[in-house]
Amino acid sequence: MAKGLTSRAENYAQWYNELVIKADLAENSAVRGCMVIKPYGYAIWEKIQAELDRMFKETGHENAYFPLFIPKSFFSKEASHVEGFAKECAVVTHYRLKNDENGKGVIVDPDAKLEEELIIRPTSETIIWNTYKNWIQSYRDLPILINQWANVVRWEMRTRLFLRTAEFLWQEGHTAHATQAEAIEETLKMVNVYATFAEKFMAMPVHIGAKSESERFAGALETYSIEALMQDGKALQAGTSHFLGQNFAKAFDVKFASKEENKLEYVWATSWGVSTRLIGGLIMAHSDDKGLVLPPKLAPYQVVIVPIYKGEQELQRISEKVNEITQKLRNIGVTVKYDNRDSQKPGWKFAEYELKGVPVRIAIGPRDLENGTAEVARRDELTKEVVSMEGIETYVKNLLDTIQENIFKKALKYREEHTTKVQNYDEFKDILENKGGFVLAHWDGTPETEERIKNETKATIRNIPAYLPEEDGVDMITGKPSKRRVLFAKAY
Numbered sequence: 051m052a053k054g055l056t057s058r059a060e061n062y063a064q065w066y067n068e069l070v071i072k073a074d075l076a077e078n079s080a081v082r083g084c085m086v087i088k089p090y091g092y093a094i095w096e097k098i099q100a101e102l103d104r105m106f107k108e109t110g111h112e113n114a115y116f117p118l119f120i121p122k123s124f125f126s127k128e129a130s131h132v133e134g135f136a137k138e139c140a141v142v143t144h145y146r147l148k149n150d151e152n153g154k155g156v157i158v159d160p161d162a163k164l165e166e167e168l169i170i171r172p173t174s175e176t177i178i179w180n181t182y183k184n185w186i187q188s189y190r191d192l193p194i195l196i197n198q199w200a201n202v203v204r205w206e207m208r209t210r211l212f213l214r215t216a217e218f219l220w221q222e223g224h225t226a227h228a229t230q231a232e233a234i235e236e237t238l239k240m241v242n243v244y245a246t247f248a249e250k251f252m253a254m255p256v257h258i259g260a261k262s263e264s265e266r267f268a269g270a271l272e273t274y275s276i277e278a279l280m281q282d283g284k285a286l287q288a289g290t291s292h293f294l295g296q297n298f299a300k301a302f303d304v305k306f307a308s309k310e311e312n313k314l315e316y317v318w319a320t321s322w323g324v325s326t327r328l329i330g331g332l333i334m335a336h337s338d339d340k341g342l343v344l345p346p347k348l349a350p351y352q353v354v355i356v357p358i359y360k361g362e363q364e365l366q367r368i369s370e371k372v373n374e375i376t377q378k379l380r381n382i383g384v385t386v387k388y389d390n391r392d393s394q395k396p397g398w399k400f401a402e403y404e405l406k407g408v409p410v411r412i413a414i415g416p417r418d419l420e421n422g423t424a425e426v427a428r429r430d431e432l433t434k435e436v437v438s439m440e441g442i443e444t445y446v447k448n449l450l451d452t453i454q455e456n457i458f459k460k461a462l463k464y465r466e467e468h469t470t471k472v473q474n475y476d477e478f479k480d481i482l483e484n485k486g487g488f489v490l491a492h493w494d495g496t497p498e499t500e501e502r503i504k505n506e507t508k509a510t511i512r513n514i515p516a517y518l519p520e521e522d523g524v525d526m527i528t529g530k531p532s533k534r535r536v537l538f539a540k541a542y
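Each residue of the sequence shown is one higher than the one before, starting from 51 at the first, in this note's numbering.
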């Protein structure tokens, strides 16, 4: 199955593209820049969605749904927001088609022009805050803690499956609060929810921190992100949480009667989101030259069982035992697939599930039935051992926990080995060119210096890590004083 898969060392981008297609995750569609997410890829998204949805609800959020179309005039109400998204918008101008009189198929009916163009949502702040105006009158109506699972469109010229497509799936949280402090607390809470999810479920270590002003979300006063490191030494922004202040409340005149003085005040806002880009991160953080390596907590099925047999009688005997093992595994929450197809040989199946990153593979043949054993292979280390069928469910459950932890430790070790502190600009450029990864360097806080570094090295400030203590230093270019290091990297 993995024949022809380009190695990461040879061409990382090609390896990634081939792996997405060969592992049956997604493919390009007839619409330029858009993708078809295939069942195996969508199953991973469903796992991501289920865990995040649970975490959101545990923190008091509810799901709702808002329109796909946004009146163009809504975008004019918040200046920095429209400036940030203007070049990415898909616009609906007409509402009807008709047959061409010259027989050249269907054309847009010129008489069906919309009075006001509609924007296909690139993000939903404007339509949601226009709605919140009707929901909020008093402090008793606050907070509003809403999440939406949806699709968005951001016009992209250069696309890559999962990482950057014109249409993608995501969730977007939009909350309204009575005080600035509550909104800031919410913003920080949700970026930490994302970090917990990334590390505990995706097995992907991340840096939490604030974005520089030039990297903030359009319309935000503060943006926090989680940044992960991929195996090619590039960073991936895996999630963002935004403190929007009162910008959108003022733009849409959303006020509430406060408790203390019963006067009208503007509402405080946040928004936060992650997308199907997480699947791209999952692939690039862990997978190898043989295919996907999936953390058990997000694998569509955690265990696959392959029978090795000759003839229907042997298959029947093996299947009876497999059904027994499968039930025991499912009883303790393990997802299992039994592949008893007769159209492919066991070796072909082994290669297929290796490519698809199934964490644990169990092979059972007639000799195993006699000995009361099974061969158990783990995908992360590409090792296997013969174990007793007695208590195999406990063995497998523990093995899945071990694999989850091992995948995280490998990614963490890679990140530690590819995080470098530098003192001067020459060292900075050398690390980016020859080693890659995260670079911790002093910055004087000016957008001019940030822009120069970006233009000369293609590296950007990923964020200002929350865990880093203050440290007196000087900017590596200007020599101006700096109080802390920031996180630089080339990024997706």
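Note that beta-carbon positions come from the ideal geometry of N, C-alpha and C, so glycine has one too.
Run the CB neighbour count on residue i, radius 10 Å, all protein chains shown included, and call it buried at 16 or more, exposed below.
i, result
"S532", "buried"
"I514", "buried"
"E222", "buried"
"D418", "buried"
"G407", "buried"
"F106", "buried"
"K261", "buried"
"L348", "buried"
"Q363", "exposed"
"A413", "buried"
"I98", "buried"
What separation, rounded to the nearest whole angstrom, lies between the Cα atoms of residue i and residue j?
i, j, result
"F478", "Y542", "19 Å"
"Y445", "Q198", "39 Å"
"M51", "P409", "Caution applies to M51, whose pLDDT of 46 falls short of 50 and renders its modelled position unreliable; the value that the coordinates give is listed next. The alpha-carbon atoms of M51 and P409 are separated by roughly 17 Å."
"L187", "I169", "Note that residue 187 is Gln in the sequence shown, not Leu. Cα to Cα, Q187 sits roughly 28 Å from I169."
"A253", "Q454", "7 Å"
"E272", "I358", "58 Å"
"A461", "L332", "11 Å"
"I23", "R465", "This structure cannot settle anything about residue 23, because the visible part of the chain is limited to 51 through 542."
"D303", "H292", "20 Å"
"A140", "K471", "42 Å"
"V356", "R391", "9 Å"
"I368", "I442", "15 Å"
"T376", "T326", "31 Å"
"G259", "Y517", "8 Å"
"D430", "F251", "15 Å"
"D522", "K313", "45 Å"
"K360", "Q366", "11 Å"
"A114", "I178", "10 Å"
"S133", "N505", "The residue you asked about is not Ser; residue 133 is Glu in the sequence shown. For E133 and N505, the distance between alpha carbons rounds to 21 Å."
"A580", "A245", "Within the shown structure, residues of the chain are numbered from 51 to 542, placing residue 580 beyond reach of any answer."
I'd like the span of the alpha helix (DSSP H) that includes residue i, first residue to last.
i, result
"Y244", "Q230 to K250"
"K122", "K122 to F125"
"M334", "R327 to H336"
"E506", "P497 to T507"
"F106", "P89 to E108"
"A129", "A129 to F135"
"N152", "Where N152 is concerned, there is no enclosing alpha helix (DSSP H), given that its DSSP letter is neither H nor E."
"P396", "P396 to L405"
"L449", "I442 to E467"
"Q64", "Y62 to K72"
Residues in its own chain within less than 8 Å of residue i by CB, not counting five upstream and five downstream?
i, result
"R58", "W65, Q281, D282, D338 and D339"
"S123", "E166"
"T320", "G223, H224, T225, H227, A233, E236, T237, M240, S291, H292, F293 and L294"
"N149", "G155, V156 and I157"
"I457", "A253, H336, V343, P345 and D430"
"G341", "M51, A52, L55, L69, K72, A73, E404, L405, K406 and G407"
Can you list, in chain order, the residues of its chain with a C-beta nearer than 6 Å to that of residue i? Leave out the 5 residues immediately preceding and following it.
i, result
"D476", "none"
"V243", "M105"
"K387", "Y351 and V354"
Could you spell out where the beta strand (DSSP E) holding residue i opens and where it closes?
i, result
"V426", "T423 to R428"
"K479", "It is not in any beta strand (DSSP E) - K479 instead sits in the alpha helix (DSSP H) that spans Y475 to N484."
"N149", "L147 to N149"
"G289", "A285 to G295"
"G383", "G383 -> no beta strand (DSSP E), and no H or E assigned at all."
Taking 6 Å as the cut-off, does the CB of residue i come closer than this to any heavy atom belonging to the ligand ADP?
i, result
"P160", "Among the components modelled here there is no ligand, and therefore nothing to report on the ligand ADP."
Excluding the 5 residues flanking residue i on each side, which residues of the same chain have their C-beta closer than 7 Å to its C-beta?
i, result
"T215", "G83, C84, M85, E206 and T209"
"R146", "D159 and A162"
"W95", "I87, L219, T326 and I329"
"G529", "none"
"D525", "H492, W493, D494, T499 and S532"
From the options, pick the residue whose C-alpha is nearest to that of residue i; which is it?
i, options, result
"L421", "N149, G110, V386 and M439", "For the sequence presented, residue 421 should be read as Asn rather than Leu. If we check each option's Cα against that of N421, M439 comes out closest."
"V536", "G529, P519 and T528", "P519"
"L118", "V142, D480 and A424", "V142"
"G415", "K371, L344 and K540", "K371"
"G110", "A200, D480, D525 and L195", "L195"
"K284", "D191, N381 and R512", "R512"
Is there a C-beta anywhere in chain C that falls below 7 Å from the one on residue i?
i, result
"K406", "In summary, chain C is missing from the structure at hand, where a single protein chain is found."
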